[in-house]
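Protein chains in written order, with my numbering: chain P, 65 to 375; chain Z, 65 to 375; chain B, 192 to 459; chain E, 192 to 459.
Glycine included, each C-beta is placed from N, C-alpha and C at the ideal position.
Below: one structure, written as structure tokens.
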Ligand SMILES: Cc1cc2nc3c(=O)[nH]c(=O)nc-3n(C[C@H](O)[C@H](O)[C@H](O)COP(=O)(O)OP(=O)(O)OC[C@H]3O[C@@H](n4cnc5c(N)ncnc54)[C@H](O)[C@@H]3O)c2cc1C
Ligand SMILES: Cc1cc2nc3c(=O)[nH]c(=O)nc-3n(C[C@H](O)[C@H](O)[C@H](O)COP(=O)(O)OP(=O)(O)OC[C@H]3O[C@@H](n4cnc5c(N)ncnc54)[C@H](O)[C@@H]3O)c2cc1C
Ligand SMILES: Cc1cc2nc3c(=O)[nH]c(=O)nc-3n(C[C@H](O)[C@H](O)[C@H](O)COP(=O)(O)O)c2cc1C
Ligand SMILES: Cc1cc2nc3c(=O)[nH]c(=O)nc-3n(C[C@H](O)[C@H](O)[C@H](O)COP(=O)(O)O)c2cc1C
Ligand code: FES
Ligand code: FES
């Protein structure tokens with residue numbers, strides 16, 4: 065798996081001058097393990113970048129079961145950022161990440177500014193890390209997370225400090241569970257982020273009618289999958305005109321046409337989450353659809369349609 | 065159509081001491097016309113109350129098309145509160161409302177406090193109106209609406225003033241598009257509302273990939289249908305422990321099992337919206353399901369399961 | 192008078208039903224074009240050409256289809272073109288399958304026999320469907336009748352039963368006149384004796400041109416419109432079209448105030 | 192060594208594939224219970240009893256089913272019970288239909304022939320499925336073999352092929368021993384000569400009791416667990432179970448670390 069492009073550049077996207085993806089497709093954090101889980105089963109070349117599950121300073125075992133639940137239009141999860149912690153991550157995943165052909169993004173979270181900064185500090189030592197996605201919006205942890213994602217002042221301070229500690233690609237993942245996502249996005253941009261990714265899961269819950277109990281052990285969790293796509297598209301359409309930095313679209317993308325919707329709404333790249341569960345080869349399917357789409361439409365680059373719906 | 069109950073009381077629910085519904089099922093505002101639209105086609109007896117589409121002081125023609133769009137898990141609308149205005153409403157709908165066997169609720173909206181109060185004033189003169197549902201959350205109008213629904217101070221003032229002007233049943237409809245719905249719900253209760261109904265539509269949008277344009281003329285609209293059910297359930301589960309007044313559940317209810325989920329999550333009654341489009345007789349189906357459910361579970365009243373999931 | 196009658200008199204001119212129907216026939220009769228005969232489980236209310244039915248198939252919105260003919264008190268026919276998810280699904284349904292339907296919905300065409308010396312039907316593509324039904328109903332009318340039917344090419348042609356002047360156009364000239372059906376209309380209409388009433392159904396461009404022609408020659412015209420519909424029965428206010436009323440521009444509901452409108456009042 | 196081999200060596204012991212398979216057989220063999228034979232379009236990797244496959248059917252999550260037997264390099268068998276949307280759909284699929292599958296997934300049972308004088312398989316209901324496959328694999332093992340199979344009633348009985356001691360229980364006594372399969376196990380196990388290894392699969396209650404019995408007599412026990420799975424392949428961290436590791440309680444993934452676990456380490 066050498067570091068060379070296999071596409072003809074049709075699907076190449078630039079998220080920062082020095083951060084170019086050969087494919088606009090990434091796995092959404094937490095839905096693709098640490099990135100290496102399917103290495104024997106599917107071809108990773110369709111991903112322009114790999115994004116790890118959220119890594120925290122200390123290992124986390126996550127929430128009590130039930131942690132997942134299928135709904136008619138998607139799923140609920142309350143995994144609670146279960147992960148092996150930054151030190152084990154650095155130790156165990158180096159081989160895989162070093163060999164991956166595309167960009168390597170580590171998604172990180174913390175319960176206070178200090179934790180975020182410490183995780184960054186340890187990852188800065190790994191030359192096999194190309195960038196960070198900052199999770200400030202996980203609805204499944206009691207402390208930390210969510211507060212950063214809903215308060216633009218707190219967030220601006222956090223991102224500003226992270227920016228001061230890394231020159232690497234810095235992407236901030238936004239939560240949809242806010243009254244005014246634009247002010248949050250703008251704060252993130254002003255604090256020096258290179259991109260925003262949106263959206264993280266919506267608040268969601270279900271009742272297990274048989275047991276007369278909430279389906280998730282934690283009662284409320286994160287809702288993802290096809291049912292959240294209209295929300296993601298709406299928020300991207302709202303945020304796009306307010307931002308100069310690129311948007312990475314996430315939310316219910318299952319197939320090539322969904323992906324096109326996100327590009328047209330203003331996303332420069334996309335992440336696929338829940339769709340991995342119903343189709344582990346979804347990235348390949350979308351990749352091929354996009355290549356054909358460009359050919360059919362006679363466009364030289366997928367970047368040409370980014371935001372066309374707003375023009 | 066006489067004013068007598070046809071159920072054996074199994075499905076009777078009390079929303080205020082003097083506001084008792086013989087069926088917990090209502091149509092959601094805006095998805096059932098003024099209430100009289102299907103009078104020749106389906107049996108209205110399955111509805112414990114009728115709720116009008118939103119009525120404003122002046123007639124409104126609504127937004128430019130496209131106003132509706134189907135999505136994989138629901139629909140988008142940007143109707144924009146199209147309605148005939150309170151005066152024509154009062155004139156033209158008196159016959160129907162006076163003859164309806166259940167409670168008669170008028171959903172109202174305005175662009176400022178004065179407008180809300182003036183609409184109430186005119187409706188107070190109609191003895192055929194039993195209550196109001198205050199729409200403070202329509203995402204489809206430029207001025208007014210949404211601001212009330214997202215700011216608990218503004219909302220408290222509005223509802224307080226409305227409360228001073230009517231003794232009738234007063235229900236406030238909450239928007240899910242806020243960071244903290246609990247504080248909004250509590251403000252509404254403190255201002256004297258008798259119930260909250262939740263949820264109104266989520267922000268949503270879709271791209272028409274063929275036309276490379278947003279599917280709705282207004283770009284962003286309101287998302288409803290099965291895809292929003294997990295959000296509605298989550299927000300009801302969150303709000304329920306904070307409130308003493310009853311919650312009327314809305315959001316993606318399509319069948320009897322969905323309805324049971326809402327009751328178990330804490331709703332004392334339910335509204336059906338989008339499901340009317342795929343099944344005009346949905347109220348009958350749900351009604352019958354609930355009657356059978358009570359029988360099967362051996363419970364004497366559907367009220368027995370309200371909020372059980374939280375116990 | 193029962194309440195529902197009272198209400199109906201007030202706002203709803205027609206009786207409508209939501210019920211099960213059995214598919215009696217479902218046949219491909221032209222390229223991607225099917226004829227389906229439906230047998231409602233109970234009597235289906237009287238209907239008029241131009242009215243439509245909702246079929247409850249896949250997804251959130253039902254799908255509207257014009258009634259293309261009736262057989263007695265129950266059965267009726269629709270013609271449909273496979274263009275997406277629901278029509279695809281519909282085309283795969285077997286004889287004997289049961290589906291939910293609602294109808295008849297909306298307002299149909301109006302024809303006052305005495306006032307016109309001729310009736311001119313103009314249909315483009317699957318837009319001929321409601322005109323087939325109208326054509327049946329005009330059978331015994333004494334005035335002259337002309338059915339202009341236009342298609343992309345000969346593989347798409349579906350023709351109405353019954354006698355009368357049928358004028359065919361195909362865009363590629365593979366059958367009949369070469370050009371659009373409104374081109375043909377424009378060439379022929381001068382030959383017919385006034386006053387005429389035109390009934391048109393088809394794509395927006397066709398309707399707009401047909402109205403222009405009607406205006407030019409001062410004929411009356413009714414057009415059957417299509418918009419995306421969520422309910423098809425006046426519940427949602429989604430299906431609006433701009434209409435020039437006496438008080439000025441306003442929105443009308445295609446499903447309830449239409450789908451048939453005075454062509455001269457529609458703002459395209 | 193290719194990268195994927197390197198990585199696999201590091202963390203993934205088995206080869207897995209995501210591919211199309213043809214349904215070769217789909218037959219009802221007991222009440223609501225079906226046997227399905229699947230023919231993957233290309234060679235299916237080697238598998239072990241206890242491993243499972245994902246079937247990609249309806250909705251968001253695939254559905255996990257234990258491999259219940261193999262025929263050569265490609266074909267394998269599953270046994271399933273119709274309990275909901277996906278199994279309902281599965282039961283309606285015709286021979287020749289194509290579905291997506293992934294597997295073999297997870298870790299299977301381990302048996303070290305030399306260490307035990309007997310192997311005891313304990314299956315409740317459809318939990319017998321992976322034990323059928325194990326039973327096949329134990330065919331040539333010299334140690335004693337016992338298959339305890341329990342069902343609600345005689346209409347649900349499915350029995351393994353091959354020789355050996357099959358001990359049957361039904362809760363209503365309509366066939367074999369009257370009672371649960373662990374009641375029967377408890378009565379019989381004292382008669383067998385130690386050391387034994389027990390393999391159990393079935394409802395949680397059964398597994399818990401089987402572990403208690405194993406503990407009492409100091410036998411080894413492996414149990415195959417079930418939890419709701421979103422991915423079945425270690426992507427989501429959803430399928431956790433509490434496990435007593437050396438460092439204390441921790442979560443393990445049923446799909447990846449299991450579904451087969453040392454029964455004594457699971458915290459029920
Ligand atoms: C009053 C009325 C009467 C109609 N009568 C007939 C008829 O007799 N025969 C017939 O074949 N069709 C008729 N139509 C159109 C028919 O309703 C649509 O073809 C059908 O809804 C498409 O559904 P689908 O799921 O197959 O396609 P979809 O997947 O919904 O759409 C496929 C494509 O068709 C477009 N489309 C969707 N709805 C319509 C529409 N209403 N009109 C035109 N394009 C649309 C979409 O934008 C999309 O690009 C009528 C429509 C109306 C409003
Ligand atoms: C590793 C593993 C191996 C399995 N092997 C087999 C097998 O060989 N044969 C077989 O018939 N089944 C097996 N199962 C169970 C099987 O996966 C479920 O029966 C199936 O997912 C139900 O899907 P459904 O859509 O039909 O039912 P759903 O509509 O999803 O559920 C119906 C009811 O079943 C319950 N349910 C859902 N998932 C499970 C589950 N995993 N276990 C038990 N109950 C569940 C639900 O709570 C619900 O009440 C296995 C499960 C696992 C985790
Ligand atoms: C099981 C699961 C686990 C997730 N874990 C994380 C996580 O650890 N960090 C994070 O930033 N987002 C996490 N997410 C959110 C996804 O990355 C993504 O934002 C969301 O699922 C919406 O995309 P989708 O609809 O394509 O799944 C998780 C989602 C799921 C379904
Ligand atoms: C076409 C349409 C029009 C609506 N109009 C109104 C309205 O006028 N006033 C209002 O309070 N809510 C309105 N709503 C919101 C619904 O009342 C309801 O809150 C929402 O659709 C969620 O419920 P559902 O998923 O069951 O449709 C409308 C919804 C739809 C789909
Ligand atoms: S389609 Fe709903 S009002 Fe016309
Ligand atoms: S089911 Fe996803 S990790 Fe086990």
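Across which residues does DSSP place residue i in a beta bridge pair?
i                      : result
residue 231 of chain E : E:212
residue 163 of chain B : Nothing can be reported for residue 163 of chain B: it is not among the residues displayed for chain B, which extend from 192 to 459.
residue 289 of chain B : B:213
residue 271 of chain B : B:225
residue 266 of chain E : E:262
residue 411 of chain E : E:388
residue 277 of chain Z : Z:272
Quick check: is any heavy atom of ligand 3 less than 7 Å from the C-beta of residue i?
i                      : result
residue 342 of chain P : no
residue 418 of chain E : no
residue 279 of chain P : no
residue 269 of chain Z : no
Along chain E, in chain order, which residues have C-beta atoms closer than 9 Å to that of residue i?
i                      : result
residue 129 of chain P : 418, 419, 429, 430, 431, 432, 433 and 442
Using the rule of at least 16 other Cβ atoms within 10 Å of the residue's Cβ for burial, across every protein chain shown, is residue i buried or exposed?
i                      : result
residue 92 of chain P  : buried
residue 139 of chain P : buried
residue 322 of chain Z : buried
residue 162 of chain Z : exposed
residue 436 of chain E : exposed
residue 519 of chain B : Any question about residue 519 of chain B goes unanswered here, given that chain B covers just 192 to 459.
residue 430 of chain E : buried
residue 298 of chain P : buried
Along chain P, which residues have their Cβ under 8 Å away from the Cβ of residue i?
i                      : result
residue 289 of chain E : Near residue 289 of chain E there are no residues of chain P at all, since even the closest Cβ is about 15 Å away, more than 8 Å.
residue 247 of chain E : 342 and 343
residue 333 of chain Z : Correct list: empty, because the minimum Cβ distance to chain P is about 16 Å.
Should residue i be counted as a contact of ligand 5 given a C-beta to heavy atom distance under 7 Å?
i                      : result
residue 248 of chain E : no
residue 335 of chain Z : no
residue 145 of chain Z : no
residue 293 of chain B : no
Please tell me whether, using a cut-off of 7 Å, the distance from the CB of residue i to the nearest non-hydrogen atom of ligand 1 is below it.
i                      : result
residue 270 of chain B : yes
residue 131 of chain Z : no
List, in order along the chain, the chain P residues whose C-beta lies closer than 7 Å to that of residue i?
i                      : result
residue 224 of chain Z : Per Cβ cutoff of 7 Å: no residues; residue 224 of chain Z is ~22 Å from chain P at best.
residue 137 of chain Z : 137, 290 and 291
Is residue i near ligand 6, with its Cβ less than 7 Å from a heavy atom?
i                      : result
residue 447 of chain E : yes
Identify the contact partners of residue i in chain Z, using a Cβ-Cβ distance below 7 Å as the criterion.
i                      : result
residue 266 of chain P : 295
Closer than 8 Å by beta-carbon distance: list the chain Z residues that pair up with residue i, in chain order.
i                     : result
residue 88 of chain P : Simply none; closest approach about 16 Å.
In chain Z, which residues lie less than 9 Å from residue i when you measure between Cβ atoms?
i                      : result
residue 393 of chain B : Simply none; closest approach about 19 Å.
residue 110 of chain P : Simply none; closest approach about 21 Å.
Are there any heavy atoms of ligand 2 lying less than 7 Å away from the beta-carbon of residue i, as far as the coordinates show?
i                      : result
residue 239 of chain Z : no
- Query: Using 8 Å as the threshold, is the region 263–270 of chain P in touch with the region 126–144 of chain P, meaning 3 or more CB pairs across them?
  - Reply: yes
- Task: Examine the Cβ distances between the region 358–373 of chain P and the region 319–333 of chain P and report whether three or more of them are shorter than 8 Å.
- Result: yes
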